[in-house]
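Novice: Protein chains in written order, with full-length UniProt numbering: chain W, 1 to 655; chain P, 1 to 655. Got a structure here, written out as structure tokens. Questions coming.
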């Protein structure tokens, strides 16, 4: 470690300076420290830990006996072993109410969502039976409600239909759905095990808001088929094709009985939702309204035999619980690869939704959620699901909210829900025969409306225009083209934003805030004054290969601009350029090259380069590269104020 | 603009504080300003300008008359019109010497490089005739020497050979080469015109060092064929296949006359290089040594008729200048797409090399180079080249260095070189008939050794271990697999580094440096002291969707760790958490959500969240999102010192 003597700012700055000038006192000196050198291996393990184990998952294992470690390890995989020991009747009361409420909500939704995925209706119910049980054992969120969800169902339906037509080859379509579900689970579990959970953070909030909104509109549009009782309906999902289908069949395709049933129950659902929103205590009204609609409308159709007048009904719903589907998964052949690809996409989207829900409720109840552990739980649940005739299940926004409001305490509410679905499958399914499709459409429309978050979009617009572009890009991509295109747009814009941030970091000119020794951005603080003869530039990012040239050239441009202004105003010429390095958290070889080039360019212009407050990593690397020897040991200061004091001593006294 | 009253640190901190405590004086107050609101359109144009026009290319056009603007526009496209007006005889003297020197170096290299690209030798010379002329008219670097280069030749040879075998289908191979060259030029020019030049910054310096080193070794290995006079040689480029070829033919394939000629002239070249390195004045020795070797060895073979004893010779070199190849480019058919793909890759690599060279010499002579303009020049030169039987040309590292040392002043040296190549093609080519291939191999080996930059690799190791992994990944990828794989590894690791930087930003605990009001990283400044009851955390990056969750959880982990330490040591509990936001240059909706969640979590723990020095963009967005209303107007301070003073007033007086 070299010893550099560098001046430091302190409270007695002014006095100290004066004493210094008079040669009477000694000025207090503080060095820019090079941090204690760390061993390579330690540095490496630290980086790996920060990247993959940022949440410090092994903390509870520290200082424990061996047998205790095994117990803790099993508990880590199956959190139910941990929380079930403190389970009480009081908690159970909350869980059973919540479980019954979400069961009443999920049954009609499941049947509808299965249709979105182009699957027979019972597969929706299957997916609400097994996966919630697995999740209850392995998951750590207390509020999430597991089952099929609208967006994933739509996505899966679109992607699968691109490969196999479900009307002509229903058996192969089903097999491919299980294959995709299997690989969705594998993808989710792998991400969790490899601790790559942070990859889902790359889909930005804004992109998700746009994508969800677009998907909601697309789903609602798809429901117009059932709602108007149209028979010839397009297989495309974009708004133009759908509108063409709808209005092309006005005269011969609409069925007025269907429309009457659908519209009146949709109105009922919306009123229930409105009441639930106005009075939080009546939250159960919107939650059970769908089931009431189903019962009422089924009864109505049964007694009026409206199905003979053209009202489409569910007709057939297989009785009994999930059959095994282990043999149905494609483990070879051309569909293996296709299922794999679809699984990755569907698995990632399902994960994004589940983790977002989990985090939201965890932060509301202030418990922490281990994202990677959650992924393993969700993955395991879908792998098991794929072998028991389920398609991709995940956390549902609407049902989780109801679960939370109904007072759930643990994942037991999912077990209760699963039990109700079991009873439904075993005993009640035949009763759904007369349920009109229009009701299912109304229920889905009512559910997905919540996904259109206009408030969030407005906030995004206010806060970050670039985010808004990502949001709208995803939205219009889904609505006007297809779910995949929307998703692609969302991911691309999210990445473009990251790259832009890394390539074009901000820089700012600093000025002195009156009556302080604080130097701040003169754009933010218009009363901050520039120091004559000195240009102070702050670089607001790590200097890496991706931006090193830009940073160098931008600093030189600040200088050129300022010199032009000075020439025009006849002010003292600039002799010092202080680069405030506080925000420069890291630098690489390209960055050091850029600084060297900057130094040489400045030398030619007779301007002295000075650095203020390089951080530990930066000073260490500058030291290794012998940059401080190049510019001079005494050209690195702890604060901008110190650097200014060294360049232009008179100025500090002025204060 | 809301008005927030926030306390500021100043020189008279101590005194002011005391006065404040006595109720006698008024403490000086400075707000954290919200910057003046900018109009949306202005903000948008500013962002676009910073992203695509960071170099302010239209600056000279400002405040000029219309006719002057036209003149300046033409000059911008053809810089020769500008610099030729100040051209003098003195400059010409430097240029002619430099031009003759690089010509003598380029002629033998060109013939060898054409063989690397699996093309007949004259195509190397063609590529040193037309492209340098075009570049001289349109380019703005004064030192770059244009022509075929080793790495691009090897890359092109590998990629083209993957599509068409050059031994069985030489005509189609040649046509695909021109097609690739055409699209390489189009790619380069397009990047320049769309001002996407920053894309090449994404290939990090470290990755380029590794890639170049690996390519140099691969090229040297390829030369063993000519050097040992082996006839059956593998077409693969990895070290294992090549070594297998070399040692598999020890007993029947090596030709001792070839080895003697090759080895002795390689020794001569290396000695010349060593002398040139020791004595900078003798730079011309290594520069003309290759030509001397060619002349001597050709003469030797001619008089000894060594070619009849198995020494392989050039045999045939077409006489005359470049024929047109406009009709040869594939503008349709399956090879259009393949040529397009190869062209993009080769064009990007060629660009990376040319821009790196241009920038290096521009910074040495202190003139600026417009990267985007350069790309247009290089692109135009390759498009014209593809129509005149040239393959991809770019700036050569070795020849540019010779050009610089020989005292070139402008691109006229390229014109001189081009003239010499013209004369060679017209009159001298038949004389190369007896040039032994071993000499060309020796010249190439001698040239590419310079590309192995061990010093740079060592420096990279010292400065940044992650960069070193990228460097070695690219190196071993090229050496043990292939050029494409090495390139893929280089690009992937470069991107991974960017993503890692964005996902896992650094955070640091701050402490007070004794006898100052400066707060710095306690790891870097071990004598900095923590403030009792207060935890100060600095976040070292913009808070975006990609890292917002990590940042939130990392801050909470700092708090948990600290609380554990405090419990153990029986110190006062933490009541305030100050987040130093100086390095947080931007925040998006996800980031604000994370801060809100952080605030809620802290509230549950009875810890007060306080922000210090949010930047202009951040304070603006916090304001829009009403975050300041959430945490309280008086919880945002200009400096950490002010924030500490507010939380724990006694501490400041202690100084």
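Built from N, CA and C at the ideal position, the CB exists for glycine as well.
Can you tell me whether residue 205 (chain P) is buried or exposed, with buried defined as 16 or more other CB within 10 angstroms of its CB?
Specialist: Reading the second chain from its first residue, position 205 is the one you call residue 205 (chain P). Flag for residue 205 (chain P) reads buried.
Novice: Using beta carbons (cut-off 8 Å, strictly below), is residue 459 (chain P) in contact with chain W?
Specialist: One-based indexing of the second chain puts residue 459 (chain P) at position 459. Judged by the 8 Å Cβ criterion, residue 459 (chain P) is in contact with chain W.
Novice: Please confirm if residue 604 (chain W) has its CB atom under 8 Å from at least one CB of chain P.
Specialist: For the purposes of this step, residue 604 (chain W) is taken as residue 604 along the first chain, with counting starting at 1. Yes, its Cβ sits closer than 8 Å to a Cβ of chain P.
Novice: For residue 60 (chain P), which residues of its own chain have a beta-carbon under 7 Å away from its beta-carbon, when the five flanking residues on both sides are left out?
Specialist: Looking up residue 60 (chain P) in the second chain gives position 60. The answer, listed in chain order, is 72.
Novice: Quick check on residue 22 (chain W): buried or exposed, where buried means 16 or more other Cβ atoms within 10 Å of its Cβ?
Specialist: Mapped onto the first chain, residue 22 (chain W) falls at position 22. Unreliable placement is indicated for residue 22 (chain W), whose pLDDT of 39 sits below 50; the coordinate value is still reported in the next sentence. It counts as exposed.
Novice: Taking the beta strand (DSSP E) that residue 64 (chain P) belongs to, which residues open and close that run?
Specialist: Position 64 of the second chain, counting from 1, holds the residue named residue 64 (chain P). Per DSSP, residue 64 (chain P) belongs to no beta strand (DSSP E) and is neither H nor E.
Novice: Using a beta-carbon distance below 8 Å, is residue 403 (chain W) in contact with chain P?
Specialist: Taking the first residue of the first chain as position 1, residue 403 (chain W) is located at position 403. So no, residue 403 (chain W) is outside the interface.
Novice: Is the region 309 to 325 of chain W close to the region 114 to 123 of chain W, with three or more CB pairs under 8 Å?
Specialist: In short, these stretches touch, since the Cβ pair count reaches three.
Novice: Exposed or buried, what is residue 524 (chain W) when buried is set at 16 or more other beta-carbons lying within 10 Å of its beta-carbon?
Specialist: Here residue 524 (chain W) corresponds to residue number 524 of the first chain, with the count starting at 1. Residue 524 (chain W) is buried by the Cβ-count criterion.
Novice: Residue 14 (chain W) by DSSP, collapsed to three states: which one?
Specialist: Within the first chain, residue 14 (chain W) is the residue found at index 14, counting from 1. With a pLDDT of only 37 at residue 14 (chain W), under the threshold of 50, the placement of this residue in the model should not be trusted, and no figure is reported.
Novice: Around the C-beta of residue 58 (chain P), are 16 or more other C-beta atoms found within 10 angstroms, so that it is buried, or is it exposed?
Specialist: Locating residue 58 (chain P) in the second chain gives position 58, counting from the first residue. That one is exposed.
Novice: Leaving aside the five residues before and after residue 46 (chain W) along the sequence, list all residues of the same chain whose C-beta is less than 7 Å from its C-beta, in chain order.
Specialist: As a first step, residue 46 (chain W) is located in the first chain; it is residue number 46 there, counting from the start. Taken in chain order, the list of residues that qualify is empty.
Novice: Does residue 636 (chain P) pass the burial test, meaning 16 or more other C-beta atoms within 10 Å, or should it be called exposed?
Specialist: As a first step, residue 636 (chain P) is located in the second chain; it is residue number 636 there, counting from the start. Buried, because 16 or more other Cβ atoms sit within 10 Å of the Cβ of residue 636 (chain P).
Novice: Could you tell me whether the region 268 to 281 of chain P touches the region 387 to 396 of chain P, where touching means 3 or more Cβ pairs closer than 8 Å?
Specialist: With the cut-off at 8 Å, the region 268 to 281 of chain P and the region 387 to 396 of chain P do not touch.
Novice: What does residue 597 (chain W) reach in chain P if we use C-beta pairs closer than 7 Å?
Specialist: Position 597 of the first chain, counted from the start, is the residue given in the question as residue 597 (chain W). Result: 363.
Novice: Per DSSP, which one or two residues make a beta bridge with residue 576 (chain W)?
Specialist: Within the first chain, numbered from 1, the residue matching residue 576 (chain W) stands at position 576. Answer by DSSP bridge pairing, in chain order: W:534 and W:608.
Novice: Quick check on residue 24 (chain P): buried or exposed, where buried means 16 or more other Cβ atoms within 10 Å of its Cβ?
Specialist: Within the second chain, numbered from 1, the residue matching residue 24 (chain P) stands at position 24. Here the model assigns residue 24 (chain P) a pLDDT of 36, short of 50, so the residue's position is not dependable and the matter cannot be decided.
Novice: Hey, out of W:65, W:101 and W:53, whose CA is closest to residue 406 (chain W)'s CA?
Specialist: Your numbering for residue 406 (chain W) matches position 406 in the first chain. Answer by Cα proximity: W:101.
Novice: Applying the criterion that 16 or more other CB atoms from any shown protein chain within 10 Å of the CB defines a buried residue, is residue 29 (chain W) buried or exposed?
Specialist: In the first chain, counting from the first residue as 1, residue 29 (chain W) sits at position 29. Its pLDDT being 48, under 50, residue 29 (chain W) is placed unreliably in this model, and the coordinates cannot settle the point.
Novice: Can you find the residues in the same chain that come closer than 7 Å, C-beta to C-beta, to residue 94 (chain W), ignoring five residues on each side of it along the sequence?
Specialist: Translated into positions along the first chain, residue 94 (chain W) becomes position 94. The residues are 407, 408 and 409.
Novice: Which whole-angstrom value describes the C-beta separation of residue 394 (chain P) and residue 152 (chain P), a residue pair presumed to lie in contact below a C-beta threshold of 8 Å?
Specialist: Position 394 of the second chain, counted from the start, is the residue given in the question as residue 394 (chain P). Position 152 of the second chain, counted from the start, is the residue given in the question as residue 152 (chain P). That pair is a contact at about 6 Å.
Novice: Exposed or buried, what is residue 26 (chain W) when buried is set at 16 or more other beta-carbons lying within 10 Å of its beta-carbon?
Specialist: For the purposes of this step, residue 26 (chain W) is taken as the residue at position 26 of the first chain. Confidence is the limiting factor: at residue 26 (chain W) the pLDDT is only 38, short of 50, which leaves the residue's position unreliable, though a coordinate-based value still follows. With fewer than 16 other Cβ atoms within 10 Å, it is exposed.
Novice: For residue 637 (chain W), does the three-state DSSP call read helix, strand or coil?
Specialist: Here residue 637 (chain W) is taken as the residue at index 637 of the first chain, counted from 1. Reduced to three states, the DSSP call for residue 637 (chain W) is strand.
Novice: If you reduce the DSSP assignment to three classes, tell me which class residue 394 (chain P) lands in.
Specialist: Taking the first residue of the second chain as position 1, residue 394 (chain P) is located at position 394. Of the three classes helix, strand and coil, the one that applies to residue 394 (chain P) here is strand, per DSSP.
Novice: What residue range does the beta strand (DSSP E) around residue 521 (chain P) cover?
Specialist: As a first step, residue 521 (chain P) must be located in the second chain, where it is residue number 521. From DSSP, the beta strand (DSSP E) with residue 521 (chain P) extends over 519 to 521.
Novice: Can you tell me which of W:370, W:380 and W:363 puts its alpha carbon nearest to the alpha carbon of residue 404 (chain W)?
Specialist: For the purposes of this step, residue 404 (chain W) is taken as residue 404 along the first chain, with counting starting at 1. The option with the nearest alpha carbon to residue 404 (chain W) is W:363.
Novice: Express the C-alpha separation of residue 325 (chain P) and residue 144 (chain P) in angstroms, rounding to a whole number.
Specialist: Within the second chain, residue 144 (chain P) is the residue found at index 144, counting from 1. Within the second chain, residue 325 (chain P) is the residue found at index 325, counting from 1. Cα to Cα, residue 144 (chain P) sits roughly 26 Å from residue 325 (chain P).
Novice: Output needed for residue 549 (chain W): all residues of its chain with C-beta closer than 7 Å, excluding positions within five of it in sequence on either side, in chain order.
Specialist: Translated into positions along the first chain, residue 549 (chain W) becomes position 549. Excluding residues within five positions, the ones whose Cβ falls inside 7 Å are 594.
Novice: Do you know how far the Cα of residue 414 (chain P) is from the Cα of residue 690 (chain P)?
Specialist: The structure shown has nothing for residue 690 (chain P), since chain P only spans 1 to 655.
Novice: With DSSP collapsed to three states, give me the class of residue 512 (chain P).
Specialist: Taking the first residue of the second chain as 1, we reach residue 512 (chain P) at position 512. Note: residue 512 (chain P) maps to strand in three-state DSSP.
Novice: For residue 467 (chain W), return the contacting residues in chain P, with the cut-off set at a CB-CB distance below 8 Å.
Specialist: As a first step, residue 467 (chain W) must be located in the first chain, where it is residue number 467. In chain order: 588 and 589.
Novice: Have a look at W:512, W:90, W:177 and W:517 and flag the residue whose alpha-carbon is nearest the alpha-carbon of residue 529 (chain W).
Specialist: Translated into positions along the first chain, residue 529 (chain W) becomes position 529. It is W:512 whose Cα lies nearest to the Cα of residue 529 (chain W).
Novice: With a threshold of 7 Å (Cβ to nearest heavy atom), would residue 304 (chain P) be considered close to the ligand SAM?
Specialist: Of ligands this structure carries none, so the ligand SAM is not represented either.
Novice: Going by DSSP, which residues form a beta bridge with residue 436 (chain P)?
Specialist: The sequence position of residue 436 (chain P) within the second chain is 436, counting from 1. Its beta-bridge partners are P:313.
Novice: Using CA atoms only, rank isn't needed, just tell me which of W:175, W:255, W:618 and W:369 is closest to residue 307 (chain W).
Specialist: Within the first chain, the letter at position 307 stands for residue 307 (chain W). Checked all of W:175, W:255, W:618 and W:369; the closest Cα to residue 307 (chain W) is W:255.
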